[in-house]
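According to my numbering, the stretch in the sequence shown is residues 3 to 149, in order. Ideal Cβ placement from N, Cα and C applies to all residues, glycine included.
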Amino acid sequence: MTVEVDDAGWGDLVGGCVIVARRVETGEHYVGEIPVEFFQGELFRRKKYLDEAAKIVEDAMRSLGVSREEEVRICTGYVLSKARKRLSEKGYNVKPTKITGETQRLAEQTFLKSLRKLGLILDEENPKRRFRSLLDGLAKTLPGRNM
Numbered sequence: 003m004t005v006e007v008d009d010a011g012w013g014d015l016v017g018g019c020v021i022v023a024r025r026v027e028t029g030e031h032y033v034g035e036i037p038v039e040f041f042q043g044e045l046f047r048r049k050k051y052l053d054e055a056a057k058i059v060e061d062a063m064r065s066l067g068v069s070r071e072e073e074v075r076i077c078t079g080y081v082l083s084k085a086r087k088r089l090s091e092k093g094y095n096v097k098p099t100k101i102t103g104e105t106q107r108l109a110e111q112t113f114l115k116s117l118r119k120l121g122l123i124l125d126e127e128n129p130k131r132r133f134r135s136l137l138d139g140l141a142k143t144l145p146g147r148n149m
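Structural data, given as structure tokens:
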């Protein structure tokens with residue numbers, strides 16, 4: 003069996019960061035989110051979002067019942083760097099991988115859902131194109147936002 007781990011929202015202007023772990027053969031998955039507070043102030047300066055990402059991935063491994071023999075493909079992005087290291091140290095079969103396909107789509111869609119909860123309606127899964135949509139959405143709601 004193979005498990006893929008991907009993130010979405012890292013580097014976006016709004017919201018936290020979603021992490022999805024998905025067992026490729028069955029579609030069974032686990033979703034966690036690094037709250038936006040980890041990307042602000044002292045927590046951000048101390049890079050505590052890396053610890054939170056690692057914790058979410060460890061929780062996902064437990065929840066999905068991932069064995070040490072299974073291949074765990076983890077996105078090569080920075081936010082998951084500590085998760086890759088920690089799982090490797092615990093004996094998991096970690097393969098840093100560029101995640102594409104269904105796991106990536108699930109992560110992006112889950113992140114978009116989290117933005118909808120904040121009042122931003124976006125359909126753009128591509129992070130590079132989503133940036134402009136986020137700017138436009140924020141500009142429309144800025145007068146009513148509490149800063």
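Compute the beta-carbon to beta-carbon distance between residue i and residue j, rounded to the nearest angstrom, for a pair I have assumed lies under 8 Å.
i: residue 109; j: residue 85; result: At roughly 14 Å, the Cβ-Cβ gap does not stay under 8 Å, so residue 109 and residue 85 are not in contact.
i: residue 7; j: residue 68; result: Rounded, the Cβ-Cβ distance is 10 Å, inconsistent with contact.
i: residue 99; j: residue 118; result: Wrong, their Cβ atoms sit about 29 Å apart, outside the cutoff.
i: residue 30; j: residue 66; result: 6 Å
Taking C-beta to C-beta, are residue i and residue j nearer than 7 Å?
i: residue 24; j: residue 102; result: no
i: residue 20; j: residue 11; result: yes
i: residue 71; j: residue 97; result: no
i: residue 17; j: residue 36; result: no
i: residue 9; j: residue 89; result: no
i: residue 50; j: residue 41; result: no
i: residue 62; j: residue 32; result: yes
Ignore the nearest five residues each way along the sequence and tell me which others in residue i's own chain have a CB closer than 6 Å to its CB.
i: residue 46; result: none
i: residue 14; result: none
i: residue 113; result: 10, 11, 20
i: residue 34; result: 21, 58
Return the bridge partner residues of residue i from the DSSP annotation.
i: residue 75; result: 6, 97
i: residue 20; result: 10, 35
i: residue 25; result: 5
Near residue i, what residues of its chain come up, given a Cβ to Cβ distance below 8 Å and the 5 sequence neighbours on each side ignored?
i: residue 148; result: Its pLDDT being 48, under 50, residue 148 is placed unreliably in this model, and the coordinates cannot settle the point.
i: residue 64; result: none
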